[in-house]
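Here's the structure, in structure tokens; my notes come after.
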Amino acid sequence: MKGLLVKDGFVFDPMNNVAGEKMDIAICNGKIVEKIDNCGVIDASGMTVMPGGVDLHSHIAGSKVNSGRLLRPEDHYKDVERKTPVTRSGVGYSIPSTFTTGYRYARMGWTTVMDPAMAPLKAKHTHEELNDTPILDKGSYPLLGSNWFVLEHLRAKEYKDAAAYVAWIMRATKGYAIKLVNPGGLEAWGFGRNVRDIDDPVPNFDITPREIIQGLCKVNQLLSMPHTIHVHTNNLGKPGNYTATLETMKSVENLANNGKPNIHLTHCQFSAFAGEDWRSFRSGSEEIAKYVNDHTHVTLDLGQIVFTNTTTMTADGPFQFILYQMTGNKWVNNDVEIETSSGIVPFQYKRKNYVHAIQWTIGLELALQIRDPWKVFITTDHPNAGPFTAYPRIVAWLMSRKARDEIMKKINKKARARALLPSIDREYTLDEIAIATRAGQAKILGLENKGHLGMGADADIAIYNINPEKKDLASNPKAIRRAFSNAAYTIKAGEIVVKDGEITKSVVGRTYWTNVKASPSLLEIEPELQEVFEEYYTVKFDNYIVPNHHLSAANPITVEGRV
Amino acid sequence: MTLILKLKKKLSAPVSAECISPDTFAGKQESEIAGLTLWEGNRKRQLSEIFEVEGISGSSPSETTIHIKGDLSKTRRIGAGMTEGRIVIQGNGGMHIGEEMKGGTILVEGNAGSWLGSAMKGGVIEVKRNAGDYIGGAHRGSTKGMRGGVIIVHGNAGSEAGSHMRKGLIKIFGDADQFAGIYMKDGTIVVHGNSRGRLGAFMTSGKIVVCGKAESVLPTFSIDKINRKTKIHGDEIAGPFYVFVGDLAEHGNGKLYLSQTENEHLKSVELFL
Amino acid sequence: MNVIRNVTCPICGTLCDDLEVTVKDNVIVDAANTCAISDAKFMNYSNPKHRNLTPLVRKNGELRETSLEEAIKKSAEILVDASYPILYGWSCTSCEAISAGVELAEEIGGVIDNTSTVCHGPSILSIQNVGIPTSTLGQIRHRADLIIYWASDPYSAHPRHMERYTAFSNGRFQKSEWAHYVARLRGILGKKRLSRASELVLMKEAELPVVSGGKLPPKFETDKRKLIVVDVRKTRSAELADFFIQVEPNKDFELIQALRLLVRDEEVETDQVAGVPVSLLEDVADTMIGCDFGVLFFGVGLTMSSGKLQNIDAAIALTRDLNYRTKFVIMPMRGHFNVAGANIVSTWQTGYPFAVDFSQGYPRYNPGETSAVDILSRDEADASLIVASDPVSNFPRRAVENLVKNPLIAIDPVVSPTTAMADVVLPSAFVGIEEGGTAYRMDRVPLPMKKLVDPPQNCLSDREILQRILHHVKRLRAQRGIA
């Protein structure tokens, strides 16, 4: 029996309605327990104790991420991690190597991270990288919004067949949730085209993005998936796209069950652009926030911009081509048969650039205008809007108007004059931060043992050098940034992995995947599927499937589907 | 004030010597300098394990001159990032001499390795004999080559001299291998000898002058005119020169000046004038 | 008798995964869906004449049999003593072994480099310069109506590439031109036979592809799938093509740049480029712009001829430019079956795809400086470990001289000039035959390699050998008080 007691910290556990109370947290065998004796003690007095951070959208592993690493030696060479007795060496900045990714998240107190885009054909690759990402618990979402099987079933309105296929895909690829990127648009990109809006039919497939979104939303419900559908909207990154975003949210409004969330709009900043073109470009955050405030079926994450040199990478091939045309930077495109596309372009967000400055305000405006912190989560869509190592900065911006004003002074003048952000006074509390960075994300992911410190929860804990009684955080954003950059302690599954911002121990993290149990047995679709499969793919059916033992620590989440 | 480093032994594994710079040495005692660490292969060494250290350094980088004696072709990054002062390599130098250098001067009395003055921003590097590939080049994957300063090579230069160059001057008194001025964005390259051709591939702006023979001109360059002479940083070079514009595959507006008298094989382009 | 299906072939980057192998009493007796190269491998892999079967250590100048334990210990000593060791090879083994190799390189502060350094290294450097628009092979099978092989001869080096993924394959939007090509192949073979016999030429010349010059054949006005081969000589693949363009040796760069101009609707001011008339190039450019989905495959003929990575920079830029007009992708024809995997594993663990230098405790990368051939040519390394590769046959002479004069460890299933020159030889199992694991196809699709039979006694997998060496290295370093 391994025990540990975290003593006298100010605990923020929003899921259990604990907001800064001084209390002890007892740990036994990797779980939170009621009490523990005869064990190691961490004196957390004067410190803030939270559940380990959860990130539901961060490109940390797989083919596309690795292509980004390969593309950019110039991104790595000045940000290196030396080998230590407990850690492997690696490189940073915007696309860290796998070991470094695990260590850097852990240093900030994050312990669960989801990679949001996995081409099913390359699922093995994603899992091999996740295996090499230490400390973190993780998972990955297979890309399904332009998948031929999905499009064909949904066009024929065969929702049950689509559901059976999706359940099979989760099992075959060890995937966690349904991901849609520019639904239908990526199939069009196979011939260098795109879809214009959510009602523009996909060439050669006679189905609209709206039908794909609604169809997969229904499938998600049929399968009782732990997470909602996870959507990167059509027209992302284009001025005026907030209307498509509103349409996307509305399209599934009537499918919601008891007001429960049924769609997650990811990196919403990139989908909240108003204006006709880049000249008249402005923020569409107000309209989006209003809709989200008035409805319960939507959650979103920010994709908050930070001003830095980073690497954009999405499955949205046509969008990445536009970014290439705009910047002239090096461009990677990689289309994957039957399933998806992807693109990569290095990108520099500049304070003095009007569009980038407005983008910076959009993210924060969304976070500050949406009243319920359980609906809006902190991400940078790592590395698209900036590397995940910027989270402490974003936390500081949300908690401190002063921190925002400091940046505001330095951004493009026109953007400063037009932005809504300066009119917003709201400052997040530590409790709200705990929701937006862990509790809310764990809840929408359906990870029952994450994001809280109640009995039976996984003992993933972050302890920060913040004394909420002593320090007025809003007037001291540097202290926030410092504390969140280097956790005093990070505990993963009951083991101390970080002390004072340094890795003290490297442990293996688990990989979650969704195992749908449904009747009739899902295996029944295999013979029929296999026949079409071998016509479609250039690999054999058997060789496509990721066996359970391919994951170094597989953790299936079993759900009961209604197929 | 002059500090003398004498190589103690024949080197085999590469020695990472970025600490050899007036900026690091200035204001340090002989013993402190002897104790500086560098890497020989995968072994950490003190400077004095590899060099005999003698003399005094200045109190500031600008007053510090470093003389290094011996065959330094295995060293890397001597004078990297230096801002002031002077380094004299009395022998052959290694790779990345004066990498990201901002000011001061480096003189190499023998040959210099590849990446001479890579990504440099200011200062002067002079090489008495030959230099390797990628003079004034960029880091792998980067588009930031030389952004200022002067590099003078009295012998021949390897391939891709001035790749990704953005500003500054590279003078080569001998011959230049293929692809001089590749990806050049601005700045000037002068080759007094001959060129192995493929000059200015992918260049968007800047100027390349070849006083000798250029083996060939890429099909993506177009003849613009013939000039009697040209000026480089105030110095006049007598022509006449064929002036080509390119690289048109990049919508480029770079200029190639190729000696008319040395390049009779290009005579046919005069038809397009 | 046991038939194993869906076997992935451990030969080339085409990584066909539809082989059927018959095993009887731990011996492969038959293999179906193979090409000539893989047939030869499956039928000969176990020939003891070619195999390393016992660990060897050089004593008094001679290789002597020894125990595995002894050979591993000796290897560890060599590596710990070295101040700039090289770990080279990696393209004919599993990703699991490569991963163990990276960890070993990090532990000993060595340089780990894979064979891409001598084949498609320039392609990778090009990607780092300009990026790459590419796709998986299935995308090409379903959609491509224009297929170009440039300085690559798939017929000889990637025998099933055209059948599985390009000209002969059937796709959703593109039907195979199979019958057409087979008729032509028969024509070519028939012609050769006949001309050898009596110099009677019965085939009509017009049916065979034109060597550069003249015009594109009428097929190019149809929307049928078209195959173009560009090379310095008329290869077997070129004979199959609808059109063959012969480029002057070492002039590919000029030809590609000229095409780029034409694709941008600009003019080329000469009559011919690299031996090809500009009027023909204009037609080729029109064909490229006019296709629905084009693909350009390129081989080592482009990466290793004059211009090297600049040839690839230009070829990628051409493909990129074409995407303003239509859909176009480009792909290097990777050679060894897991050379892509070597790049991929190295990249996710270190940030860099090859030529990674750990000597200062973290990954550094600068091909030309940190690449194996260059290090050896400059005589900087003082020990080497080679896995499943034969640099003694492939490297330039000076590099080989410096490689063999220092301690050399070879892990290899087969006897080669490298194992003959080595100081320690560790016999290993063939990945994809005697050992499983993951490999990556040339389009970076991961595929499982299967274990079909047990390896000979004493032959461990590369991965296990490397892990054992690593274990010894750690112990030695601890004994000597090295961090």
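Heads up: the protein sequence lines correspond to chains S, H and Z, in order.
Quick note on numbering: my numbering labels position 3 of the first sequence as 742, and the sequence is numbered without any gaps.
Quick note on numbering: my numbering labels position 57 of the second sequence as 1253, and the sequence is numbered without any gaps.
Quick note on numbering: my numbering labels position 279 of the third sequence as 399, and the sequence is numbered without any gaps.
Glycine included, each C-beta is placed from N, C-alpha and C at the ideal position.
Secondary structure within the segment 153–226 of chain Z: the beta strand (DSSP E) runs of 3 or more consecutive residues, fully enclosed, are 176–179, 182–185 and 205–209 (chain order).
Here DSSP, grouped into helix, strand and coil, assigns S/ASN1072 to strand.
Chain-ordered, the chain S residues with CB closer than 8 Å to the CB of H/HIS1335 read PRO812, GLU813 and TYR816.
If one requires a minimum length of 3 residues, the beta strand (DSSP E) runs lying completely within the segment 1144–1219 of chain S are 1200–1203, in chain order. H/MET1278 sits in coil when the DSSP states are folded into three classes, being neither helix nor strand. At a cut-off of 9 Å between beta carbons, H/TYR1438 makes no contact with chain Z. The count of Cβ pairs closer than 8 Å, one atom from the segment 819–828 of chain S and one from the segment 1056–1066 of chain S, stays below three, leaving the stretches out of contact.
The beta carbon of S/TRP1113 does not come within 9 Å of any beta carbon belonging to chain Z, so the residue lies off that interface. Note on the segment 988–1054 of chain S: whole alpha helix (DSSP H) runs with a minimum of 4 residues are 1024–1033, in chain order. In this structure, the straight-line span from the alpha carbon of H/GLY1287 to that of H/ILE1252 is close to 21 Å.
If you look at S/VAL920, you'll find it in the beta strand (DSSP E) that goes 918–920. Ranked by Cα distance from H/LEU1462, the options H/HIS1292, H/ILE1293 and H/LYS1409 are led by H/LYS1409. Chain-order list of chain S residues neighbouring H/SER1217: empty, with the shortest C-beta distance near 17 Å, by a criterion of under 8 Å. Using beta-carbon distances, S/GLU868 counts as an interface residue toward chain Z, with a partner under 9 Å.
The Cβ neighbour count for S/MET1194, taken over all protein chains shown within 10 Å, is under 16; the residue is labelled exposed. Excluding its 5 nearest sequence neighbours in each direction, S/ASN777 has no C-beta neighbour in its own chain below 6 Å. Contact annotation for Z/PHE364 against chain S: no contact, minimum CB-CB distance about 26 Å [criterion: below 7 Å]. Using a 10 angstroms sphere on the CB of Z/GLU555, the tally of other CB atoms reaches 16 or more, which defines it as buried. In the three-state reduction of the DSSP assignment, S/THR1119 falls in the coil class, being assigned neither a helical nor a strand state. When the Cα atoms are used, H/MET1297 and Z/LYS161 turn out to be separated by approximately 54 Å.
The residues ALA1028, VAL1031, ASN1032 and VAL1115, in chain order, have a CB closer than 7 Å to that of S/ILE1109 in the same chain once the five nearest residues on each side in sequence are set aside.
Against chain S, the beta carbon of H/SER1338 has neighbours under 7 Å at GLU813, listed in chain order. For Z/LYS447, the C-beta contacts it makes with chain S under 7 Å involve PHE930 and GLY931, in order along the chain. As the crow flies, the alpha-carbon of H/ILE1246 is around 31 Å from that of S/PRO812. Distances from the CA of H/SER1359 to each of H/GLU1322, H/GLY1319, H/LYS1403 and H/LYS1324 were compared; the closest alpha carbon is that of H/LYS1403. Taken through DSSP and simplified to helix, strand or coil, S/TRP849 comes out as strand.
Of the residues S/LYS999, S/LEU1212, S/GLY748 and S/LEU1004, the one whose Cα lies closest to the Cα of S/THR987 is S/LEU1004. Between H/ALA1372 and H/GLY1300, the alpha-carbon positions lie close to 25 Å from each other.
Inclusion of Z/THR286 and Z/VAL415 in the CB contact set at 9 Å is warranted, their separation being smaller than that value.
For H/VAL1465, at least one C-beta of chain Z is nearer than 9 Å to its own C-beta. By the CB criterion at 9 Å, S/PHE1012 and S/LYS989 fall outside the cutoff.
Our two residues, S/HIS815 and Z/GLU190, have alpha carbons roughly 40 Å apart in a direct line.
In the DSSP assignment, the residues bridged to S/ASN1254 are S/THR1297.
Cβ-Cβ distances below 6 Å link Z/PRO566 to THR558 and TYR560 in the same chain, with the five nearest sequence neighbours on each side left out; the list follows chain order. Contact check between the segment 903–915 of chain S and the segment 1280–1287 of chain S: three or more CB pairs, one atom from each, fall below 8 Å, which counts as touching. H/TYR1330 is the residue among H/ILE1285, H/TYR1330, H/SER1208 and H/THR1198 whose C-alpha sits nearest the C-alpha of H/ILE1366.
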